[in-house]
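In our numbering, the protein residues as written are 1 to 343. Reading through the structure tokens given below for one structure.
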């Protein structure tokens, strides 16, 4: 299976205030990963900027005007989201990388793509920046996939924070399935199990909230009992992963205890679904992850998994009882049983 990596060294040009966790050093880690994989004969390409039309599929025009006006300026957009003079262009590249990843997977010959980007995107709403995010990269990519002929797109988000922006953008759309497993209660305060979408989109938002301290076994349980069965029934034409690594046990912002091998296992589970449903088409786009060592190891593990043939996922065995996972599964099944079949 051929993997393509989309990345730009310019992602480090997006500056944040001193001490901010979403810092340029994260992009430097991505530079190292991109170089390492290029040396392994993996195709690594620079992204184009997202176009106004691509962004306007998921963001309101007044908001796009607002972000465009930050070009060349340092602006505080919300309590933790900032621009520097270069941020507008860099955010266009981040969204463009996600779009390009979809484009390359949809048209071939690649079946897997990894977009190594910053700033992240899943908190960005239609009309506002939030949680370090300017444009919702994954939402822009999913909307592009629909235009390129994907009748159904699934997004799986395992960042430690709930992707409020992605959920809200697609919550009334039955053609886009959004599945999120995240720490709850926690920032941004959304993502309860009973948030299942609205109107025609009811049942196509799947939230798997986990209390702080969740371990690999909790993630394995919510994947096997809820996320994977729903994905198989939905049968997407493309699978997009919001690949946030701040649920890692080393991360300073998250309160979870996920290990690096568990990110590989989640990726292999999703690859198996993609292989069964959509000829293996899968795109991963980076979100959070603020411990630099954990970020590097997790990106490497996911890329290794995306580059290998599909096999059984190798979940780490912690031997720790999965009380948090069971509570999440039970709550999700109560909310979603009218829409999906569970064993």
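Even for Gly, the Cβ is constructed at its ideal location relative to N, Cα and C.
In the DSSP assignment, the beta strand (DSSP E) including residue i goes from what residue to what residue?
i: residue 209; result: 205-210
i: residue 41; result: Residue 41 -> no beta strand (DSSP E), and no H or E assigned at all.
Distance check for residue j and residue i, CA to CA, integer angstroms please.
i: residue 328; j: residue 337; result: 14 Å
i: residue 262; j: residue 110; result: 25 Å
i: residue 236; j: residue 60; result: 26 Å
i: residue 39; j: residue 197; result: 44 Å
i: residue 194; j: residue 332; result: 7 Å
i: residue 217; j: residue 279; result: 29 Å
i: residue 250; j: residue 242; result: 19 Å
i: residue 65; j: residue 88; result: 11 Å
i: residue 292; j: residue 25; result: 8 Å
i: residue 273; j: residue 281; result: 10 Å
i: residue 92; j: residue 343; result: 43 Å
i: residue 119; j: residue 132; result: 7 Å
i: residue 5; j: residue 134; result: 22 Å
i: residue 204; j: residue 190; result: 16 Å
i: residue 44; j: residue 334; result: 44 Å
i: residue 302; j: residue 246; result: 14 Å
i: residue 311; j: residue 84; result: 44 Å
i: residue 211; j: residue 222; result: 13 Å
i: residue 72; j: residue 8; result: 19 Å
i: residue 258; j: residue 271; result: 19 Å
i: residue 27; j: residue 100; result: 18 Å
Is residue i helix, strand or coil by DSSP?
i: residue 238; result: strand
i: residue 117; result: coil
i: residue 74; result: coil
i: residue 59; result: coil
i: residue 190; result: coil
i: residue 67; result: helix
i: residue 51; result: coil
i: residue 267; result: helix
i: residue 343; result: coil
i: residue 111; result: coil
i: residue 143; result: helix
i: residue 20; result: coil
i: residue 284; result: strand
i: residue 243; result: strand
i: residue 232; result: helix
i: residue 105; result: helix
i: residue 227; result: helix
i: residue 278; result: coil
i: residue 199; result: helix
i: residue 99; result: helix
i: residue 165; result: helix
The alpha helix (DSSP H) spanning residue i covers which residue range?
i: residue 35; result: 24-38
i: residue 122; result: Note, residue 122: premise wrong, no alpha helix (DSSP H); not H, not E.
i: residue 305; result: 292-307
i: residue 222; result: 216-222
i: residue 46; result: Element bounds for residue 46: n/a, residue is neither H nor E.
i: residue 329; result: 323-336
i: residue 175; result: From DSSP, residue 175 is part of no alpha helix (DSSP H); its letter is neither H nor E.
With a cut-off of 8 Å on the beta carbons, I'd call residue i and residue j a contact; round off their distance for me.
i: residue 224; j: residue 188; result: Not a contact, Cβ separation roughly 27 Å.
i: residue 142; j: residue 240; result: 6 Å
i: residue 158; j: residue 266; result: 6 Å
i: residue 139; j: residue 106; result: 17 Å between Cβ atoms; not a contact.
i: residue 156; j: residue 286; result: Not really, about 14 Å apart at Cβ, beyond 8 Å.
i: residue 166; j: residue 136; result: 6 Å
i: residue 126; j: residue 169; result: 6 Å
i: residue 283; j: residue 102; result: 6 Å
i: residue 160; j: residue 30; result: About 19 Å separates the two Cβ atoms, so there is no contact after all.
Which one or two residues does DSSP pair with residue i in a beta bridge?
i: residue 180; result: 157 and 207
i: residue 130; result: 133
i: residue 257; result: 215
i: residue 248; result: 258
i: residue 7; result: 116
i: residue 82; result: 76
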